[in-house]
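4 protein chains.
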Amino acid sequence: MFAEDKLHEECGVFGVYDRDRTLDCARLTYYALYALQHRGQETCGIVTCDGNDFACYKNAGLVPEVFNDFNLNRFTGHMAVGHVSCTGHEDSHKQNSQPLLTRYTGDTMAIANNGGLANHNKLINELAQNGAIFHSDTDAEIIAYLLGWERITNGRMESALSQVMCRLEGAYSLVIMTQDQLIAARDPYGIRPLCIGKIGGAWVFASETAALKAVGAEYQRDVEPGEIVVVSDEGLTSVRDHVGKFKPRPCIFEYIYFARPDSVVGGQSVYEARRLAGMILGRETGVDADIVIGVPDNGLCAAIGYSEASGIPYGIGIVKNRYVGRTFIQPTQLIRQRNVEIKLTAVESCVKGKRVVLVDDSIIRGTTSANLIRLLKEAGATEVHMRVSSPPFLWPCYFGTDIPNKHELAANNLSCDELRKKIGADSLGYLDVEDLKRIVPELDGYCDACFSGDYPRF
Amino acid sequence: MFAEDKLHEECGVFGVYDRDRTLDCARLTYYALYALQHRGQETCGIVTCDGNDFACYKNAGLVPEVFNDFNLNRFTGHMAVGHVSCTGHEDSHKQNSQPLLTRYTGDTMAIANNGGLANHNKLINELAQNGAIFHSDTDAEIIAYLLGWERITNGRMESALSQVMCRLEGAYSLVIMTQDQLIAARDPYGIRPLCIGKIGGAWVFASETAALKAVGAEYQRDVEPGEIVVVSDEGLTSVRDHVGKFKPRPCIFEYIYFARPDSVVGGQSVYEARRLAGMILGRETGVDADIVIGVPDNGLCAAIGYSEASGIPYGIGIVKNRYVGRTFIQPTQLIRQRNVEIKLTAVESCVKGKRVVLVDDSIIRGTTSANLIRLLKEAGATEVHMRVSSPPFLWPCYFGTDIPNKHELAANNLSCDELRKKIGADSLGYLDVEDLKRIVPELDGYCDACFSGDYPRF
Amino acid sequence: MFAEDKLHEECGVFGVYDRDRTLDCARLTYYALYALQHRGQETCGIVTCDGNDFACYKNAGLVPEVFNDFNLNRFTGHMAVGHVSCTGHEDSHKQNSQPLLTRYTGDTMAIANNGGLANHNKLINELAQNGAIFHSDTDAEIIAYLLGWERITNGRMESALSQVMCRLEGAYSLVIMTQDQLIAARDPYGIRPLCIGKIGGAWVFASETAALKAVGAEYQRDVEPGEIVVVSDEGLTSVRDHVGKFKPRPCIFEYIYFARPDSVVGGQSVYEARRLAGMILGRETGVDADIVIGVPDNGLCAAIGYSEASGIPYGIGIVKNRYVGRTFIQPTQLIRQRNVEIKLTAVESCVKGKRVVLVDDSIIRGTTSANLIRLLKEAGATEVHMRVSSPPFLWPCYFGTDIPNKHELAANNLSCDELRKKIGADSLGYLDVEDLKRIVPELDGYCDACFSGDYPRF
Amino acid sequence: MFAEDKLHEECGVFGVYDRDRTLDCARLTYYALYALQHRGQETCGIVTCDGNDFACYKNAGLVPEVFNDFNLNRFTGHMAVGHVSCTGHEDSHKQNSQPLLTRYTGDTMAIANNGGLANHNKLINELAQNGAIFHSDTDAEIIAYLLGWERITNGRMESALSQVMCRLEGAYSLVIMTQDQLIAARDPYGIRPLCIGKIGGAWVFASETAALKAVGAEYQRDVEPGEIVVVSDEGLTSVRDHVGKFKPRPCIFEYIYFARPDSVVGGQSVYEARRLAGMILGRETGVDADIVIGVPDNGLCAAIGYSEASGIPYGIGIVKNRYVGRTFIQPTQLIRQRNVEIKLTAVESCVKGKRVVLVDDSIIRGTTSANLIRLLKEAGATEVHMRVSSPPFLWPCYFGTDIPNKHELAANNLSCDELRKKIGADSLGYLDVEDLKRIVPELDGYCDACFSGDYPRF
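Chains as they are written, first to last, in the working numbering: chain S, 72 to 529; chain X, 72 to 529; chain W, 72 to 529; chain V, 72 to 529.
Below, the structure written as C-alpha cells:
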C-alpha cells in the first residue's frame, strides 16, 4: 500500500449572491463544493441567508457524504457561502470546519477562508489578552474577532475589513456574508486564488474557475490581490485600498499540484502550465527511453508534455482504482506482507521490457515514488527514470498548505543521487527553479518560497 | 397521534476527576449521560482532558446514537465533562451543543451548563460592545467570555468564577474543566440541581443522583446554592463567597416532572414527592370512581399515591410503545384519519365499563389529555376524571426550560371548566399551589414561579 | 449490568387487503409492525403487491431503523404483508428474515409466519431428497416449498394450502399474499394467535389485537384453529377442512409474557390474565411485607394483582431506562466492577427499610432476578420476597420460542430453595400449574407444555 | 448533466482456498472485490467457510460501503468466495445479490457466478414444474437447483457439476464453495473470463488478473473454456469433460470496455487491445485535426493509440470529477437549465481553437456523446470528430450484460450520418467489425454478436 505522500491544500471557498432571488443558492453551492472537493476532503459546510435568518450545516466528510436532499431542502435564501477543508488534525475536524458563523455587535456574519496567516499566533495572543476566547484554531476566527472589534466603531463592513487587512500578514482569500452583503477579499500578494463569475443577475465567487463552470457561471475576472469586492442589491463595488501594496506573488504550487487542470488561475491555464513543465523537463532532463507515463492524476499533464517534447511515446503505465475512498480499510500486517496493491497498479503490457520515464508533480517523502518504481520493475520495466515537474521541495510553507515537518522533506535530507537510490530509480530529474517562470508565462511574479526560500515579506 | 405536549428540561451535566488515573473517564461519562438522557434528547457531548490535551466529541442525537466503541476509544484522560441537551431550535442543535470547549489567555476550558440566565441578552450586548463574537446562543458561551476576561488579570479560575457569578442573574449548574481542575458551581438560589459523588479516589458531579448510581458512585452531598467546588490532585475544596446570599429556591418542577423518580434532589426523594402529590390530590379532589390510572411514565407515581389515599384500585389503563423513537415517521393525513395510535394505547379490559381517574403530572396545551380521554372512552370508560399532580401552569420560566409561548398555555386561556370541556373530561382537578410545600417536606423553600408568578429576584 | 434473561417470541405477522384501493397499505403495515415490535426486534420486512408486481424490503433492525419515508414511498399496492422476527442467530438475521418472497410455477407469493414446526428437520430432509435447496432455516421456506409442489397440480392456493397443512406438525400462524389473494391460516391447535380486523372495506390480519388498534382497524374475530381465511376482491371466505381436528390449545405463555397487555387473545384479555395471576399468587403465596413491586415492564400487571389480593401497597421500586437500545455499548470489565447499572435501577425511597415483594413473570436462568434482588437490598430493602406469576419453567418449547438449552433452565437444575438462595431472595413463590386455568377463564384449553411437559400430539 | 449511457457488466467473482490456514481469507476477498468493483457497483458479498460453518454477509452498496472492520472481523475460515454485481433492477438488489448460500441434501454450498444463460427462462419453467421455488432472478439459483437435484444421486460435486453443465446454454464463470472444496468452472465457449492465481500455498480464482495483483497472487493460467477446476486440501485437479466441446469465443467487449486495462484476459492484454483499436481507428478513419482526446476513463487507451498512429498530439481535453459517487444528488430542473456540469468538464486550454478528435469506446444511446461534444464546442473547439473504438452496437447480448432495449441502441435507429448529426459531431467514425480480430491478436476466436449478430450456438 502507498502511504499518502502528498501536500494538501487546506481549503476551497465559494459564495453566491442572487439579486433576482430565482436561484436555489444552497444547491448551487453544493455543486460548486463538489467541483472544489480536491481542495479539501475532510470537512465541508454551507451557510445561507435570506436577508434575515442564517441557516448553517457543516460536518466532517466529503460533500456527497455530508449533504443530502433532506438537509439541502432546509436551506433558503438568496445568498450562500460554502467551504471545503482539509484541516489535517483529525480530532479538530469539526471545531475547525467552516464557514464560521458568528454574531457580533449588531449583526451576524459567515466567513469562509482559504489561506494561512504568518502572524496567526501573535494575533491569537493579542486577542486573548483583550478577552477573546477561541473555539477553533482557524484564521477565520481571528479575522472574525478583528472584524467584530472593528465594527463596534465602524459602520461599514467593507471599511472595517480594510482596516483589519492592515493587521493580517499572510495568505487569505475570503468570502464573507452578512445580512445584506456578500464580500470577497484577497491578500495584497494574492497568494491564494479567488475569481468572480456571473449567472444571470447573480454574482459568484470561487477559489477556482472550475467551480464557476460547475454551476453554469461565466468567468468575469479574478479578485485582484488586495481587493475587496462587495456585492449587494446595489450591485458590485470594489474597495481598492490595499490593491498595489505589493507586487503580486500567487502560489506557484497551485499550478503544479493544487488546482484542477481545467481551471484558469490568474489568467494562466493550469493544464498548460503542467504541460509546459513536462515539455521543459523533456528537453532538459532528456533520457533514452521507450515510453513516458504519468502518476495519476496529477502527473499526467506533465507526462504528456514530456512525451511531446522528447518524442518518446506516451502510455498509461499506472492505473488508479477509482473506488478507493475515505473509508478504505487499511490492510493488516499479515496482508501487507503480500504486497497488496489496491490504490495504484502497473499496466504490465505498457511497461514490460521497456525503459520507462515516470513523471510526477513532486516528491515529498519519497515513499510513493519508491513504491511505484518497485511496481513498475516487478511489471517488467527494465529501467525507470523519475522526472519531477517541479524543483526539489526544500522549504516549509506558511500560507495554507499542510506541509510535513521540514526534516521529513526527502530533498532536504538527501542528495539528489541518494534520493534516486532510495526510490530505486535509474535516474532522477527535477525542473529547475529558474524554469518555473517559463511554465506560467501569463504571470508577472509568483511565490516559489517552498523551492527557493524566498518568502513574501510583510 | 399525540402531539408532543410536554415541557422540556434543557440540560443534564456530568463531570469526573480521577486522581488515581485508573478509571475510563469517557466511558463513565457515557453511562452517566445515558442515565441523564431524560434531561435532553437532542444533542450530547463529552470532553476529556489528560492534564494536557483535550479531546471533544459532540453531535445531534441520543447518547447511543452519538457515541460508539470507536469514538469512545479515542478519548483519554483522567478528567471528563459530559452534557445532554434539548435546545429546542432544530437548526441550532450543533451550534449550541455542549460541553463548550474554548481557549483563552493561557489555558483551555470545557464548560457544561444546566440553567437559564434572566440577563442573557443584556450580557450578550455588553460583551459584543467589547468585541465579543458569538458562535452559539448559549449561556455557556457568555460564561466562557466572562471567565476569559476575568482570567486576563486573575490567576485562579475559582476566584475568577466567583467574580463572574456576581454578574449572572438566573439559574446555572456548571461543571468546568481546565487542564488541572474540575470545578462545579451552582447559582445562589440553587434553582437547578447538582450533586457530588465519589468512586474510590475519583470525584464526580452530576445533575441527578440517578447518574451517580449509574456509574457506581456514592452520593456525598449536593453542591450548595452559591457554592463553587474545586477538585484537583490536591483534593476537593469549597469556595463559599456566594453561599447564603439568597434563601435557596430549587425548582419545584424537577420534582413534578423533570427529574427521574429514583433521584434524590436537595435531600428530597422525587418518587416520594410525586406519590405525596397523588395522595394529596386523592384526598382533596376525591371522586367516586372504579379505577385510578396514570399517564406513562411520569403520571404513574402520582396515580399510585392517589389510589393509596382514595382507596380506589390502581390499574394499568394506558400502555406506552417502548419502540417509538426519534426517527418515528409521522402518519400522513390519509392515515391520521384512521386514528392510528402508536405511542399510547388504552387497555380495554382495565377501563371498560369503569369510572376512571386519569392522573398526569401537568397540562400544557391540553392536546395529549384530550387524545387520551378520547382513547379511554373509545375503550369503554364510562367516565374519565382528570387529575393533575401540579397546579395550573400559568407563568413562563426563564431558568432553563423550554416553555411554550405564554398564550399557548391552556390554563391561561381557559377557565378550569372550559379546559375540562376541551379535553372531554367528566371532571378536572389540580393540586393547589398551597399544597406544593407538602410534596417536598424536606425542602425549606422552592421556586414555583411557573404556578404562582413569584419569581426569584436578583 | 443485567444479562438478557428472557424468552423471546420469534415473530409477529400482519397482512392487509384493501378492496377499495384507498389505503396506503405499506404505511399501515409499518404502524402495525411498530405495534408488534415486542414480538421480534431483530429483523423486519414488508412486501406489497398491486395485483401484478411485488415490492419487498427487509433488513436487520428495529422497525424505525429499517424503514423511512424514502423506502416506504417506494411501495405501492392494495395488499401488503409484514413481519417482525427475532431469529436468535445473529449471523442468520438476514437470511431468515421474512416475509419470504418466492416465485413458483405460475405465480409469486409472499409468506409471513409465526410459529414452530416440530417436524421441521424431517420435512427439510424429505424436500432435499426431492431436489429442494434451502436459502434459510425457516418454516416459512418449508411451507413455500410444499405449496410450490402442491400448486403444480392444484389450481387453487387455498386448497393447496389445505393439503399442505396435512403435513405440518406444530405451530403456525400464516399470512400469505399472492397476486390476487391474501390468505391467513392457523394450525389446528391454534397455538400462536392470529386475528381478523376491518378498516372500512379493507381486511387485515395481525398477530395481536394491539396491531389492529394501532392502524384504526376494528377487531372482527380470531382466525379459528385450523381455519384458512381467504380475502380477495370477492370478499372473505373460510376454508374449514382442518377446523375441529384437535381441541384448541393456545400457548399460555402468550398471556404470561409474550403478548401486549392491551391485546385480547382468544377472547381473553392479556392484562386480565396477568392481573389474575398476580391475585392468585397474592392469595396463595402470601407473605408479611410492606410493599409490592413489579419488574418492568412485564411483571407490573401481576404485581398490581398481587397488591390487590394481598392488601399490601403497590409501589414503583424499579425503574427502567427508556433509552437503552440495541446499540448500547457494553461496559468493559473495568467498568463492570463498579456495578454500573444502566438498564434497571432501584428506587431507594420506595424500598428502603421495607420488606419487598418482587413480582416477575418468569425465571429462566435466574441472573436478572439475582441482580435485581441485590440492587433492592443495596437500596435498603430489609427483605425481598420473589414471586413468579407462572409455574417453574421445566420443558423446552418447539413451537416458535427461543428457548435456552434445557440445562440452562434454572428450575431444572435447582430445587426451589436452592434457586431462592442463588438469587438471594428471602422467599420464592411460583404460580401453581393447576392455577393456570384460573388466569385464562375465557379459554377452554391451552398449551402449558413448558411447565407441564404435556405437549400437543400430532 | 450526463445521463448514464454505458453498458454494465453484471458481475465479478473471486474465490480463495488456503491449504495452509495462514491467510485472512475474508480480507483478501475484500481487497479482490475492490479491484473488481468496476464489474459491479450495486451489491457485493463475501461467504467464508472454515471446513464446517459458513459465514455470509452481503448488501447493496460499494465494497467500502458494505464492508468495515467490524463485519470483516466476524468472518473466519480458510476458504472464501466473493462477488460484486450490477443487477440493474433497483428493487431486486438484495434478492439477487451473491454469493448465493444454500443448503441441499447433505451439504451447503456458496455460488458466485458471472455470466448469462440463454436458456434461463426454459430452465426456470422446468424446475418450477418439478417443485422449485425461486427467491431470486439469478442464473446462480438455477445452477444451485440443478446441482441440488444432481447431488441426490451423485456423490461428487465436480461430477454433478459436469452433468449440470450439459444443461446450461450461455455464459457462466462460476466459483462454488462447499465444506471441503473450492470449485471454479467456465462455460465451453469461455465467454466470461476466469483466471487462476497462487499466493504461497493458497489457490485463488478471479474474474480478472487485476484482482490477483491486488491480493499479491501470482497469475498461473486461465480456467479453460469448459474446464472444472477443483481445489481442496489434496491440491488442484482439473475435470475436462467439456473442454474442447466448442471453439472458444471469449467476449470481445471485455477488451473494449468491461475489463480493467491492467488485466490480461485469455492471454491478451486489455490495454494493448484498446491501444490497437485506437491505432487502427487512427489509420482508417484519419482526419485532419490538432489534438486527440479520450473520454475518461475508458476511451483514454484508444485515444493514445489514435494519437500514435495519426501523429496528432494527445491531450487531456476532458476531466472527470473523482468525487462524484453513488449518492450524488441530481440537479433540480431549475439547476439543470444552468448547464451544471459536475461529472465531466472540458479543459478549455487544451481544446480552444482546435480541431479535436474525441475517442470513446462505444455509443449506446448517444446522450453522453452529445453532451461532451457540446461541452467541447462551448470550450472553443472548432471541430469535433468522434471516433469510436468498437463497431456500431446493433444486437442485444444474452450473456451477462445489462443491455438496453434493442430500440434504444442509437446505431439501430439512425444511419451513421443521422447519429453524427444527433450528437453534433463534425464527423463520426467506428472501428470496422472486420478489424476486431486485429485488436486481439493473441486470441483464436471471440464472440462479437453485439456487433455482428453472429451468436454462439448451443
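Every residue gets a Cβ at the ideal spot worked out from N, C-alpha and C, and that includes glycine.
Exercise for review: Assign residue 529/S to buried or exposed, taking buried as 16 or more other Cβ atoms, counted over all protein chains shown, within 10 Å of its Cβ.
Suggested key: Looking up residue 529/S in the first sequence gives position 458. Its Cβ having fewer than 16 others within 10 Å, residue 529/S is exposed.
Exercise for review: Output the boundary residues of the alpha helix (DSSP H) element that contains residue 191/V.
Suggested key: Mapped onto the fourth sequence, residue 191/V falls at position 120. For residue 191/V, the enclosing alpha helix (DSSP H) begins and ends at 191-200.
Point to revise | Whole-angstrom C-beta distance between residue 122/S and residue 153/S, which should lie under 8 Å | key: On the first sequence, residue 153/S is found 82 positions in, with the first residue counted as 1. On the first sequence, residue 122/S is found 51 positions in, with the first residue counted as 1. Actually they do not touch by this definition, with Cβ atoms about 18 Å apart.
Practice item. Answer with yes or no whether the minimum CB distance from residue 201/X to chain S is below 8 Å. Key: Position 130 of the second sequence, counted from the start, is the residue given in the question as residue 201/X. Yes, because at least one Cβ of chain S sits closer than 8 Å to the Cβ of residue 201/X.
Review point. Is it right to say residue 108/S is buried, meaning 16 or more other beta carbons lie within 10 angstroms of its own, or is it exposed?
Key: For this step, residue 108/S is matched to residue 37 along the first sequence. Label assigned to residue 108/S: buried.
Exercise for review: Pull out every residue of the region 279-297 of chain V whose Cβ sits closer than 7 Å to any Cβ of chain S, in chain order.
Suggested key: 281, 284, 285, 286, 287
Review point. In chain S, which residues lie with their C-beta within 8 Å of the C-beta of residue 216/X?
Key: The sequence position of residue 216/X within the second sequence is 145, counting from 1. Ordered by position in chain S, the residues that pass the 8 Å Cβ test against residue 216/X are 202, 204.
Point to revise | Member of 248/S, 313/S, 271/S whose CA lies at the smallest distance from the CA of residue 258/S | key: Stepping through the first sequence from its first residue, residue 258/S is reached at position 187. Comparing Cα positions, the closest option is 313/S.
Practice item. Would you identify the three-state DSSP class for residue 463/X, choosing helix, strand or coil? Key: Numbered from 1 along the second sequence, position 392 holds the residue referred to as residue 463/X. Three-state DSSP puts residue 463/X in coil, outside helix and strand.
Practice item. Please check if any C-beta of chain S sits within less than 8 Å of the C-beta of residue 174/X. Key: Taking the second sequence and counting its residues from 1, the one referred to as residue 174/X is at position 103. Judged by the 8 Å Cβ criterion, residue 174/X is in contact with chain S.
Review point. Leaving out the 5 sequence neighbours to the left and right, which residues in its chain are closer than 6 Å to residue 494/V when beta-carbon positions are compared?
Key: Your numbering for residue 494/V matches position 423 in the fourth sequence. Excluding residues within five positions, the ones whose Cβ falls inside 6 Å are 437, 440, 441, 444.
Exercise for review: Mark residue 206/S as exposed unless 16 or more other C-beta atoms lie within 10 angstroms of its C-beta, in which case mark it buried.
Suggested key: The sequence position of residue 206/S within the first sequence is 135, counting from 1. By the Cβ-count criterion, residue 206/S is buried, with 16 or more other Cβ atoms from all chains shown falling within 10 Å of its own Cβ.
Check your understanding: Could you give the distance in angstroms between the alpha-carbon of residue 509/X and the alpha-carbon of residue 501/X?
Key -> The residue you call residue 509/X lines up with position 438 of the second sequence. The residue you call residue 501/X lines up with position 430 of the second sequence. Distance between the alpha carbons of residue 509/X and residue 501/X: 14 Å.
Review point. Would you call the CB atoms of residue 263/S and residue 233/S closer than 8 Å?
Key: The residue labelled residue 263/S in the question sits at position 192 within the first sequence. The residue labelled residue 233/S in the question sits at position 162 within the first sequence. No, they are not a contact pair.
**Study point:** Contiguous alpha helix (DSSP H) assignments of at least 4 residues, all confined to the region 110-191 of chain S
**Key:** 134-137, 140-144, 164-167
Review point. Does DSSP put residue 428/V in a helix, in a strand, or in coil?
Key: Counted from its first residue, the fourth sequence places residue 428/V at position 357. It is a strand residue.
Exercise for review: Determine which residues share a DSSP beta bridge with residue 454/W and list them.
Suggested key: Within the third sequence, numbered from 1, the residue matching residue 454/W stands at position 383. Per DSSP, 426/W.
Check your understanding: In this structure, does DSSP put residue 289/V in helix, strand or coil?
Key -> Within the fourth sequence, numbered from 1, the residue matching residue 289/V stands at position 218. The answer is strand: DSSP assigns residue 289/V an E or B state.
Practice item. Taking only the alpha-carbon atoms, compute the straight-line gap between residue 451/S and residue 421/S and give it to the nearest angstrom. Key: The residue you call residue 451/S lines up with position 380 of the first sequence. The residue you call residue 421/S lines up with position 350 of the first sequence. Approximately 9 Å, taken between the alpha carbons.
Exercise for review: Please look up how many angstroms separate the CB atoms of residue 427/W and residue 449/W, rounded, as I've assumed it's under 8 Å.
Suggested key: Working through the third sequence from its first residue, we reach residue 427/W at position 356. Working through the third sequence from its first residue, we reach residue 449/W at position 378. The pair is not a contact, with the Cβ atoms about 12 Å apart (cut-off 8 Å).
**Study point:** First through last residue of the beta strand (DSSP E) which encompasses residue 308/W
**Key:** Translated into positions along the third sequence, residue 308/W becomes position 237. Residues 306-310.
Check your understanding: So residue 279/V packs on residue 330/V, CB below 8 Å; how close in whole Å?
Key -> Here residue 279/V is taken as the residue at index 208 of the fourth sequence, counted from 1. Here residue 330/V is taken as the residue at index 259 of the fourth sequence, counted from 1. Yes, residue 279/V and residue 330/V are in contact; Cβ-Cβ is about 6 Å, under 8 Å.
Practice item. For residue 127/W, decide whether its Cβ has a neighbour in chain V, counting only Cβ atoms nearer than 8 Å. Key: In the third sequence, counting from the first residue as 1, residue 127/W sits at position 56. True, the Cβ-Cβ gap to chain V drops below 8 Å.
Practice item. Give the DSSP-derived three-state secondary structure of residue 300/S in the structure shown. Key: Reading the first sequence from its first residue, position 229 is the one you call residue 300/S. Of the three classes helix, strand and coil, the one that applies to residue 300/S here is strand, per DSSP.
Exercise for review: Please compile the residues from chain V whose C-beta is within a distance smaller than 7 Å of the C-beta of residue 169/W.
Suggested key: Taking the third sequence and counting its residues from 1, one reaches residue 169/W at position 98. The premise fails here: residue 169/W is roughly 12 Å from chain V at the closest Cβ pair, so nothing lies under 7 Å.
Exercise for review: Would you kindly work out how many angstroms separate the C-alpha atoms of residue 375/X and residue 365/X, rounded to a whole number?
Suggested key: In the second sequence, counting from the first residue as 1, residue 375/X sits at position 304. In the second sequence, counting from the first residue as 1, residue 365/X sits at position 294. Distance between the alpha carbons of residue 375/X and residue 365/X: 8 Å.
Practice item. Return the CA-CA distance between residue 128/S and residue 470/S, expressed in angstroms with no decimal places. Key: Along the first sequence, read from residue 1 onward, the residue named residue 128/S stands at position 57. Along the first sequence, read from residue 1 onward, the residue named residue 470/S stands at position 399. Each residue's Cα considered, the two are about 27 Å apart.
Point to revise | Chain-ordered chain S contacts of residue 469/V [CB-CB under 9 Å] | key: The count along the fourth sequence starts at 1 and reaches residue 469/V at position 398. Those within 9 Å of residue 469/V in chain S number zero; the least Cβ separation is about 28 Å.
Review point. When DSSP builds the beta bridges, which residues end up paired with residue 518/S?
Key: Walking along the first sequence from the start, residue 518/S turns up at place 447. DSSP lists 322/S as the beta-bridge partner residues of residue 518/S.
Point to revise | Close Cβ partners of residue 315/V (< 6 Å) along its chain, the five nearest in sequence each way excluded | key: Position 244 of the fourth sequence, counted from the first residue, corresponds to residue 315/V. Closer than 6 Å at Cβ, skipping near neighbours: no residue.
Check your understanding: Apart from the five residues on each side of it in sequence, which residues of its chain come closer than 8 Å, Cβ to Cβ, to residue 357/W?
Key -> Your numbering for residue 357/W matches position 286 in the third sequence. If we look at residue 357/W and ignore the five residues flanking it on each side, its Cβ neighbours are 381.
**Study point:** chain X residues whose Cβ lies nearer than 9 Å to that of residue 366/W
**Key:** Locating residue 366/W in the third sequence gives position 295, counting from the first residue. In chain X, no part has a C-beta under 9 Å from the C-beta of residue 366/W; the shortest such distance is about 14 Å.
Review point. Residue 339/X by DSSP, collapsed to three states: which one?
Key: Sequence index remark: in the second sequence, residue 339/X carries index 268 (1-based). Of the three classes helix, strand and coil, the one that applies to residue 339/X here is strand, per DSSP.
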